[in-house]
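Residue numbers (this note's numbering), protein chains in the order written: chain E, 1 to 463; chain D, 464 to 567. Positions of the beta carbon are idealized from the N, C-alpha and C atoms, including for glycine.
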Amino acid sequence: MGTNVSNLLYLISIVTFILALRYLSNPAHARRGNQIGAVGMLLAIVVTWVKTGGTSWWALAVAMLIGGGFGAFAARRVKMTAMPQMVALFNGVGGGAATLIALAELHRLLPPPGKPTLDILIAIALSGLIGAISFTGSLIAFAKLQELIKGRPITYPGQKIVNLAVLAACVGLGAALAAGVQDQWLLWAVVAGGALFGVMFVLPIGGADMPVVISLLNAFTGLAVAVGGFELENNVLIVSGMLVGASGTLLTLKMGAAMNRSIANVLFGAFGQVSEGAAAVAAGDGGTVRSASAEDVAVMLAYAHKVVFVPGYGLAVAQAQHDVRQLADLLEAKGVEVTYAIHPVAGRMPGHMNVLLAEANVPYTQLKEMDDANPEFSRTDVAVVVGANDVVNPDARNNQSSPIYGMPILNVDDAQTVVVLKRSMNPGFAGIENPLFYNPKTVMLFGDAKESITKLIQDVKTL
Amino acid sequence: MSHNMLLVFEVTILVLAIFLGFEVISKVPALLHTPLMSGTNAIHGIVVVGAMLVLGLNHKGPFMWIVGFVAVVLGSANVVGGFVVTDRMLEMFKKREPPKPKDE
């Protein structure tokens with residue numbers, strides 16, 4: 001197959017990817033878009049298969065069966081609550097592949113007579129570096145989300161300087177490679193440095209900041225793939241990789257905006273450090289906490305006109321999404337209006353809560369984004385906070401010394417009554433006190449979210 | 464096409480892709496941000512094409528073969544896993560189903 005023909009066929013694949021993203025603007029036909037993209041991907045793979053001309057076809061087949069088999073198996077088996085780590089894992093392997101391509105290309109071009117041009121060398125150094133960062137960074141994110149290593153920020157003095165030094169060394173080595181010191185070991189050093197940086201830069205980032213990190217790593221892999229397209233002079237890699245790079249960047253910025261924090265602050269200002277002052281302030285308030293029994297809350301819910309559920313990561317941990325939905329159905333049968341208010345950074349990846357509730361067959365028309373949800377709280381009788389904390393913390397509005405001051409939140413305290421389902425009074429992940437719990441409007445229902453909801457279901461049924 | 468012309472051409476489509484990416488993504492509602500991440504994840508699985516070229520062409524000893532082989536394994540895991548996970552997610556997003564078939 002000639003290069004012109006294959007490039008035209010690749011163009012068709014590119015168009016299907018753009019359509020796949022375009023169709024994502026509406027949940028009604030988003031799935032169709034994804035299927036179109038998959039067909040385009042299949043086309044690109046077939047075209048490439050033909051391009052390689054049948055040499056080592058069996059190696060290609062075996063490698064694709066292994067990789068594809070693992071991908072399909074893992075993707076089918078994974079529970080919806082484990083989705084963030086699965087996305088991180090698939091993102092990481094993509095970055096790893098980009099790095100390997102850079103290593104192989106340099107090996108092919110060196111030593112002479114194949115003297116690679118400057119742009120190819122820059123591309124090789126860049127995709128090797130970014131791919132390696134994405135690979136190990138994603139694996140650490142995976143390990144944190146899978147709770148193989150602890151989710152709390154891991155920090156030590158001088159961390160930023162060490163990280164920056166490693167990154168600077170990588171860039172320096174890459175520059176030396178491009179400038180003419182054409183030695184393959186330089187690229188290995190760049191890749192090793194990138195891998196180390198990936199580990200060190202994700203380790204200090206706490207679980208609550210994962211939505212930012214995951215979308216950033218997604219952008220990194222896209223970028224590494226796009227740069228890899230320059231090495232191989234392959235348009236489909238350049239365009240598809242850059243589409244992903246642009247999308248990941250935009251999503252990262254949106255997540256940052258949803259937390260009112262700059263990306264630099266998320267990446268380099270580990271969350272734990274700033275929270276001490278604020279915790280002290282709030283603890284001094286010393287308000288009282290009202291706790292309620294499931295029966296009381298059930299009565300409140302059953303006789304309300306409008307109930308809003310506010311899910312957070314705790315919902316995912318307790319896997320209580322099906323139970324919440326069942327409770328909502330019961331309430332609706334009693335004539336209560338039920339909606340769900342979703343904060344953009346609730347959970348561990350962008351839009352995490354929407355997927356969980358969709359899994360529990362909650363119709364997406366009931367899922368309200370923050371801007372639509374907030375005006376509704378003033379005419380809400382009961383807001384039920386299930387496993388959310390920082391995203392409903394009024395300190396973000398009122399307390400200038402709070403580390404989350406300025407973060408847009410769901411104003412659940414506008415509702416008549418707030419019910420908070422929580423394990424205990426331990427402060428949340430970031431160690432930030434939440435005055436919502438001391439609000440006279442608030443009642444706490446202590447216990448595991450799933451058990452509490454199950455009790456509520458039983459009690460509402462008996463009413 | 465000379466090498467430099469090709470390079471300029473490639474940079475041109477790279478920059479256009481950035482703007483296209485921003486344009487298309489900004490229309491995706493927050494409701495679908497997880498499928499968006501997972502869907503773009505599948506799209507950067509296109510890296511498998513590069514890996515296949517490394518494995519399938521221009522052998523220069525066992526090093527490239529091994530590296531290419533591993534790259535194809537990783538790339539295909541990315542592609543298949545990415546599309547399957549996204550499909551599973553999007554399948555779940557439904558409007559209200561008319562009657563309730565069964566109460567679980």
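Just list the beta strand (DSSP E) runs in the region 95 to 153 of chain E, keeping only unbroken ones of 3 residues or longer that don't cross its boundaries, in chain order. none
Are there 16 or more other CB atoms within 10 angstroms of the CB of Met444 (chain E), so buried, or fewer, so exposed? buried
May I have the straight-line CA-CA distance separating Leu251 (chain E) from Leu223 (chain E), to the nearest angstrom? 14 Å
Are the beta-carbon atoms of Phe197 (chain E) and Asn163 (chain E) separated by less than 8 Å? yes
N-terminal and C-terminal residue of the beta strand (DSSP E) that Pro211 (chain E) is part of: Where Pro211 (chain E) is concerned, there is no enclosing beta strand (DSSP E), although the alpha helix (DSSP H) it sits in stretches over Met210 to Leu232.
Below 8 Å on the Cβ atoms is my contact criterion, and I expect Gly228 (chain E) with Ser127 (chain E) to pass it. Report the Cβ-Cβ distance as a whole number of Å. 4 Å
State the DSSP-derived secondary structure class of Thr339 (chain E), mapped to helix, strand or coil. strand
Of all the CB atoms in chain C, is at least one closer than 8 Å to the CB of Trp185 (chain E)? In the structure shown, chain C cannot be found, because the protein chains are E and D.
With distances taken Cα to Cα, identify the nearest neighbour of Ala75 (chain E) among E:Met41, E:Arg32 and E:Asn91. E:Asn91
Check whether the region 508 to 522 of chain D and the region 368 to 378 of chain E touch, using three or more Cβ-Cβ pairs below 8 Å as the test. no
Classify Met255 (chain E) as helix, strand or coil using the three-state DSSP reduction. helix
Who pairs with Ala383 (chain E) in a beta bridge, going by DSSP? E:Val308 and E:Val418
Whole-angstrom distance between Leu469 (chain D) and Asn4 (chain E), CA atom to CA atom: 14 Å
So Pro498 (chain D) contacts chain E; which residues on that side make the cut at Cβ distance below 7 Å? Leu24 and Ala30
Give the DSSP-derived three-state secondary structure of Lys368 (chain E) in the structure shown. strand
If we cut at 8 Å on Cβ distances, does Arg108 (chain E) have a partner in chain D? yes
Pro116 (chain E) and Ile154 (chain E) look like a contact to me (Cβ under 8 Å); what is the Cβ gap, rounded to whole Å? Incorrect: roughly 39 Å between the Cβ atoms, too far for contact.
At the level of alpha carbons, what is the spacing between Pro440 (chain E) and Arg290 (chain E)? 8 Å
Contact the region 97 to 108 of chain E vs the region 306 to 313 of chain E: 3+ CB pairs below 8 Å: no
Proximity to Met242 (chain E) [Cα-Cα], best of D:Asn504, D:Pro498, D:Pro492 and D:His466: D:Asn504
List, in chain order, every chain D residue whose beta-carbon is nearer than 9 Å to that of Trp49 (chain E). Met515 and Gly519
Around the C-beta of Gln85 (chain E), are 16 or more other C-beta atoms found within 10 angstroms, so that it is buried, or is it exposed? buried
Three-state secondary structure (DSSP) at Thr52 (chain E)? coil
Name the two residues that bound the continuous beta strand (DSSP E) containing Val443 (chain E). Thr442 to Phe446
Under 8 Å, Cβ to Cβ, is there at least one residue of chain E near Pro525 (chain D)? no
Contact check, Ser247 (chain E) vs Ile488 (chain D) under 8 Å by CB: the rounded distance? 4 Å
What is the DSSP secondary structure of Ser401 (chain E), counted as helix, strand or coil? coil
Listed by chain order, chain D residues near Val202 (chain E) by CB distance under 8 Å: Here the premise fails: no neighbours, minimum Cβ distance about 16 Å.
Under 8 Å, Cβ to Cβ, is there at least one residue of chain E near Val512 (chain D)? yes
So with Cβ pairs under 8 Å, would you call Ala320 (chain E) a contact of chain D? no
Gly172 (chain E), buried or exposed, once every other Cβ within 10 Å from all chains shown has been counted against 16: exposed
Quick check on DSSP: helix, strand or coil for Ser240 (chain E)? helix
Counted within 10 angstroms of its Cβ, other Cβ atoms place Gly8 (chain E) as buried (16 or more) or exposed: Residue identity differs from the one stated: residue 8 (chain E) is Leu in this sequence, not Gly. Exposed, because fewer than 16 other Cβ atoms sit within 10 Å of the Cβ of Leu8 (chain E).
Which one or two residues does DSSP pair with Ser291 (chain E) in a beta bridge? E:Met444
Using CA atoms only, rank isn't needed, just tell me which of E:Ala316, E:Ala63, E:Asn361 and E:Arg379 is closest to Val336 (chain E). E:Arg379
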